[in-house]
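This report refers to the structure that appears directly beneath it.
Chains as they are written, first to last, in the numbering used here: chain A, 5 to 300; chain B, 131 to 595.
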């Protein structure tokens, strides 16, 4: 094949351009720190990167859901514990009041006055709100779970109204417990019972025996509610751990797909630079000489 | 045979070698000129009279050398391949550029694309599910829905803008092609006259070849050689330049990016409105405008319409803050079917977000918000979008690879053309030396004959003087 000066120049120029092109591509990847700048850089990598990014967003949301749920469960737990303490006090007073014969009417009235106050305090606690919502009120839009005067349940609870928090792609955990579930259903609930005890302390001390038995039933219910909430809270903690682990794994996965491998890139840049310099010096050597240099 | 024929032969040699030096000089001068074909003096020995006659006889020794013709060295077959491969290369360039621009319109993978906006919408619905009473959470999801609609508008506008720009570029290119065709026709006439007048037209032919190559780049032209140096240029089966006359091309088709289905973009003849199957840059741009960009615009429209349907259906199953059933979330701003260009959020009041799944009086249930949040997995919108982006990546990677392959083929063909038509300085210098030496030798020849004649004229007949 006949080779001409212009052909040599063009080929050299093309080679140099190609070299410079890969050089600038590497440099771009190094300065941006990213392997993937367009889907065509690696379609499969893009697929994984987009999937991972979506999962990352979901995982971050699950983490928010979990911490929100934890705060619900913790507040429910502490409120139930306090209410149990108050219920124990009511039980003590009822036991005291059921000792017929040893008590004067005045003493009974004093006991009744205290249980009445305790009932108010129980109702107050049962209306505790989390983020503006009564925690035992189910899905009610109102400000209270129990009417503070009558003690009737005004919340909206029942099947299908559980308050859940999504903790992973597949699982949701319930974070609330409704009034009837914690304090028995209307009629036999804690508040009407305490109200009955208040009446019976003065009016029918003999009836207190039955009240005591009923109170035990309600308190057992409350204890199991505490246990239930505690178990769910433990589950939340576990989910939080899993979520965090997953978040780290996803971050790592995304970085593997999208981010550059620095030592590898530096090495390649170095090699590219060597290649480019070699091409430059080869071009300088091959373009300059002609027969002219050797003719007298 | 004449006494002075030796002088004459030497004179032709002087003249021919000087011609050779001139041509060498021209070659060296144009070593870097684009499109220049090297020239060579066609030397031919002048023989004696071959026709026998009574008194005119020949000794069989020639009469010197003739250097009438200066040839342009160029391989027509290689030129033809050059036209084809150049057209393929520019077509591949235009196509891969259009894919690159489509990729830019979607900005994926990253944290600014539609994918991220979708993720944020689903997260926003979970926030509403966590706290249905909170107007901030509700307001946030509304803003995120608006951002998503804005993101779809943006991508669609980018694609539309790209389409319009490509159309304008093609219109300019068609004008350019018409001008080049006119020039070729003018050159054709000049070359024809020169050839008929037996004058060299090598440099005009070079100029014409450059223009033809430009046409091949722009529209994929091929050529047909005629007599008297004429050259016809054929584009997509239509004779664009025929001798001294050039046809005109025009751009036809819709000016609306969405109208290519019924009225596709095409290049036609200005007279007769015949469809021209063009290649080169124009071919690539037509593909971009008729297939690539409308394809992605349609897919984006489908995603928007799908999103609106799915979200509206799910939202209608829920109940808002006042207990009323949920209304549509997305609609179109112009009353037509929902597309990526007109999708808009219809809800303005945060209370109208239907987070509750429990009918009846107003309540703070979260089931419907949660159900909507789960659409991320079940509705297939994110998957559909991702599939489109991955498909785009594959297409774009393929077009880039085609471009790389074609560019190496084209450079091989260019190298082959250059190896025939290009100027090699070493060769020219060697030629220069040989012409120089031949010139010197011819000069010496004249001296020799001069001395011989001197002997004959001045020294004969003086014997014994």
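Glycine included, C-beta positions come from ideal geometry on N, C-alpha and C.
Kindly indicate which residue of B/219, B/420, B/196 and B/351 has the alpha-carbon position closest to the one of residue 395 of chain B.
It is B/420 whose Cα lies nearest to the Cα of residue 395 of chain B.
Is DSSP giving residue 67 of chain A helix, strand or coil here?
Helix, per DSSP.
Can you pull the chain B neighbours of residue 75 of chain A, defined as C-beta to C-beta under 9 angstroms?
None at all; the shortest Cβ gap to chain B is about 10 angstroms.
Check the DSSP bridge columns for residue 502 of chain B and list the partner residues they point to.
For residue 502 of chain B, which the question treats as bridged, DSSP gives no partner whatsoever.
Taking residue 599 of chain B as the reference, which of B/507, B/447 and B/473 has the closest Cα?
Only positions 131 to 595 of chain B appear in the structure, and residue 599 of chain B is not among them; the question remains open.
Between which two residues does the alpha helix (DSSP H) containing residue 260 of chain A stretch?
Note, residue 260 of chain A: alpha helix (DSSP H), 212-262.
Comparing C-alpha positions only, which one of B/367, B/242, B/267 and B/241 sits nearest to residue 253 of chain B?
With distances taken between Cα atoms, residue 253 of chain B lies closest to B/267.
According to DSSP, is residue 292 of chain A part of a helix, a strand, or is it coil?
In this structure, residue 292 of chain A counts as coil in the three-state DSSP scheme.
Going along chain A in order, which residues have a C-beta closer than 8 angstroms to the C-beta of residue 506 of chain B?
Per Cβ cutoff of 8 angstroms: 58 and 62.
Are the beta-carbon atoms of residue 289 of chain B and residue 473 of chain B separated by less than 7 angstroms?
No, the Cβ-Cβ distance between residue 289 of chain B and residue 473 of chain B is not below 7 angstroms.
Would you call the CB atoms of residue 391 of chain B and residue 350 of chain B closer than 7 angstroms?
Cβ distance not < 7 angstroms, so residue 391 of chain B and residue 350 of chain B don't count as in contact.
Suppose you measure from the CA of residue 172 of chain A to the CA of residue 178 of chain A; what does that come to, to the nearest Å?
Their backbone Cα atoms lie some 13 angstroms apart in a straight line.
So residue 184 of chain A contacts chain B; which residues on that side make the cut at Cβ distance below 8 angstroms?
Those within 8 angstroms of residue 184 of chain A in chain B number zero; the least Cβ separation is about 16 angstroms.
Taking contact to mean 3 or more Cβ pairs, one atom from each stretch, closer than 8 angstroms, check whether the stretch 232-242 of chain B and the stretch 34-46 of chain A are in contact.
In short, these stretches touch, since the Cβ pair count reaches three.
Let me see if you follow: with CB-CB separation under 7 angstroms, is residue 143 of chain A close to chain B or not?
Answer yes: the Cβ-Cβ gap between residue 143 of chain A and chain B drops below 7 angstroms somewhere.
What is the C-beta distance between residue 176 of chain B and residue 150 of chain B, in whole angstroms, given that I count them as a contact (C-beta under 8 angstroms)?
So it is not a contact: roughly 16 angstroms between Cβ atoms.
Leaving out five residues before and five after residue 118 of chain A in sequence, what residues of the same chain have Cβ atoms less than 7 angstroms from its Cβ?
Same-chain partners within the cutoff: 97.
Along the alpha helix (DSSP H) that carries residue 198 of chain B, what are the first and last residues, could you check?
That residue, residue 198 of chain B, is in no alpha helix (DSSP H); its beta strand (DSSP E) goes 194-202.
Under 6 angstroms Cβ to Cβ from residue 518 of chain B, same chain only, skipping five residues before and after it: list those, please.
Counting only Cβ-Cβ distances below 6 angstroms, and skipping sequence neighbours, we find 429.
Excluding the 5 residues preceding and the 5 following residue 528 of chain B in the sequence, name in chain order all residues of the same chain whose CB lies nearer than 6 angstroms to its CB.
Closer than 6 angstroms at Cβ, skipping near neighbours: no residue.
Closest by CA to residue 356 of chain B, which one among B/344, B/341, B/374 and B/343?
Of the candidates B/344, B/341, B/374 and B/343, the one whose C-alpha sits nearest the C-alpha of residue 356 of chain B is B/374.
Report the three-state DSSP secondary structure of residue 449 of chain B (helix, strand or coil).
Residue state, collapsed to three classes: strand.
Who are the near neighbours of residue 204 of chain A in its chain, counting only those whose CB is closer than 7 angstroms to its CB and skipping five residues on each side?
These residues qualify, in order along the chain: 211, 212 and 215.
List the endpoints of the continuous beta strand (DSSP E) containing residue 212 of chain B.
Counting along the chain, residue 212 of chain B falls outside any beta strand (DSSP E), though it belongs to the alpha helix (DSSP H) covering 206-236.
Select from the stretch 154-185 of chain A all residues with a C-beta closer than 8 angstroms to any C-beta belonging to chain B, and list them in chain order.
So the close ones are 160, 164, 165, 167, 168, 169, 170, 173 and 176.
Report, in whole angstroms, the separation of the C-beta atoms of residue 378 of chain B and residue 401 of chain B, which I expect to be a contact under 8 angstroms.
With a Cβ gap of about 7 angstroms, residue 378 of chain B and residue 401 of chain B count as contacting.
At a CB-CB cut-off below 9 angstroms, which residues of chain A make contact with residue 246 of chain B?
Near residue 246 of chain B (Cβ distances below 9 angstroms), the residues of chain A are 57, 58 and 61.
Taking C-beta pairs closer than 8 angstroms, name the residues in chain B that residue 294 of chain A reaches, listed in chain order.
By Cβ distance, chain B contributes 555, 556 and 559.
Can you tell me which of B/505, B/281, B/568 and B/353 puts its alpha carbon nearest to the alpha carbon of residue 174 of chain A?
Comparing Cα positions, the closest option is B/505.
Among A/52, A/34 and A/74, which one has its Cα closest to the Cα of residue 241 of chain A?
Residue 241 of chain A has its Cα closest to that of A/74, out of A/52, A/34 and A/74.
Verify the CB distance criterion: does residue 156 of chain B have a CB-CB separation below 7 angstroms to chain A?
No, no contact with chain A.
In terms of alpha-carbon separation, which member of A/150, A/259, A/272 and A/130 lies closest to residue 60 of chain A?
Nearest option by C-alpha distance: A/259.
Taking Cβ-Cβ distances below 7 angstroms as the criterion, which residues of the stretch 187-211 of chain A are in contact with chain B?
From the stretch 187-211 of chain A, no residue has a Cβ closer than 7 angstroms to chain B.
Are residue 195 of chain B and residue 169 of chain B close, meaning C-beta to C-beta below 7 angstroms?
Taking 7 angstroms as the Cβ cut-off, residue 195 of chain B and residue 169 of chain B do not qualify as a contacting pair.
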